[in-house]
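Novice: These protein sequence lines are chains W and E, in that order. The numbers in my numbering rise by one with no breaks, and the one at position 70 of the first sequence is 259. The numbers in my numbering rise by one with no breaks, and the one at position 40 of the second sequence is 229.
2 protein chains.
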Amino acid sequence: MPRYTDVHRSLKGTTFKDVAAAHQKDLSVQNKYGVMFLKFWVDEKEGTVFCLSEAPNREAPAKAHGEAHGLLPHETYEVLEGS
Amino acid sequence: MPRYTDVHRSLKGTTFKDVAAAHQKDLSVQNKYGVMFLKFWVDEKEGTVFCLSEAPNREAPAKAHGEAHGLLPHETYEVLEGS
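#1: Tell me whether the beta-carbon of Val238(W) lies closer than 8 Å to the beta-carbon of Leu269(W).
#2: By the criterion of Cβ-Cβ separation under 7 Å, what are the contact partners of Asp232(E) in chain W?
#3: For Val224(W), which residues of its own chain have a beta-carbon under 6 Å away from its beta-carbon, when the five flanking residues on both sides are left out?
#4: Which of helix, strand or coil does DSSP assign to Ser217(E)?
#5: Since Thr203(E) meets chain W, which of its residues come closer than 7 Å, beta carbon to beta carbon?
#6: Any beta carbon of chain E sitting closer than 8 Å to that of Lys214(W)?
#7: Let me see if you follow: with CB-CB separation under 8 Å, is Lys221(W) close to chain E or not?
#8: Determine the extent of the beta strand (DSSP E) in which Glu267(W) is found, giving its start and end residues.
#9: Suppose the cutoff is 7 Å on Cβ atoms and the five residues either side in sequence are ignored; what does the same chain contact list for Lys228(W) look like?
#10: Based on the DSSP secondary-structure assignment, which residues constitute the bridge partners of Tyr193(W)?
#11: Could you pull out every residue in the same chain whose Cβ sits closer than 7 Å to the Cβ of His258(E), ignoring the five residues on either side in sequence?
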């Protein structure tokens, strides 16, 4: 399945703990959309969050976010991963 | 050490293979800057690259990129990671 990095911006005042709680909500609905949320990264100062997922298509992670907590991504990238 | 996600944009036409080669150059100079490049993600269609690193400060990953291949990031985020 393709991997996606989605970017959420303009979340100033949102803490890592807030995002971890939202991520738990993502995990609770992800199967319904065929999504597997893998990791997330939070820049608390900038209010920017990155979510990495595997999903059947570009729309699926946003749909899962929408149902889980309503915080839709501002950008979604289909990515190939290397290390 | 803090973790940083840096974002490189406007790289249309750049392939995953190109980025993997640049990443190898990053690895060859990273110790000089105290940086450990961990992973990278490439959206070939958008020409966007994300690099995740551990580094002593925000400037260090860009300095390593500068020496390695000259492709400086457009944005750098200090991030906390969760899964």
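Heads up, the beta-carbon is just placed ideally off N, CA and C, and yes, glycines get one too.
Specialist: Reading it off the structure:
#1: One-based indexing of the first sequence puts residue 238(W) at position 49. One-based indexing of the first sequence puts residue 269(W) at position 80. Cβ atoms of Val238(W) and Leu269(W): not closer than 8 Å.
#2: On the second sequence, position 43 is the one that residue 232(E) refers to. Within chain W, the residues near Asp232(E) are Tyr266, Glu267, Val268.
#3: Within the first sequence, numbered from 1, the residue matching residue 224(W) stands at position 35. The residues are Ser242, Ala244, Ala249, Pro250, Ala253.
#4: As a position in the second sequence, residue 217(E) is number 28, starting the count at 1. Three-state result, Ser217(E): helix.
#5: The residue labelled residue 203(E) in the question sits at position 14 within the second sequence. In chain order: nothing, as chain W lies at least about 12 Å away.
#6: As a first step, residue 214(W) must be located in the first sequence, where it is residue number 25. It does not; no Cβ of chain E falls within 8 Å.
#7: Along the first sequence, read from residue 1 onward, the residue named residue 221(W) stands at position 32. Closer than 8 Å: no.
#8: Here residue 267(W) refers to the residue found at position 78 of the first sequence. Residues 264-271.
#9: Against the first sequence, residue 228(W) aligns to sequence position 39. If we look at Lys228(W) and ignore the five residues flanking it on each side, its Cβ neighbours are Leu241.
#10: On the first sequence, position 4 is the one that residue 193(W) refers to. In DSSP, Tyr193(W) forms a bridge with Ser242(W), Glu267(W).
#11: Taking the second sequence and counting its residues from 1, one reaches residue 258(E) at position 69. The answer, listed in chain order, is Ala211, Lys214.
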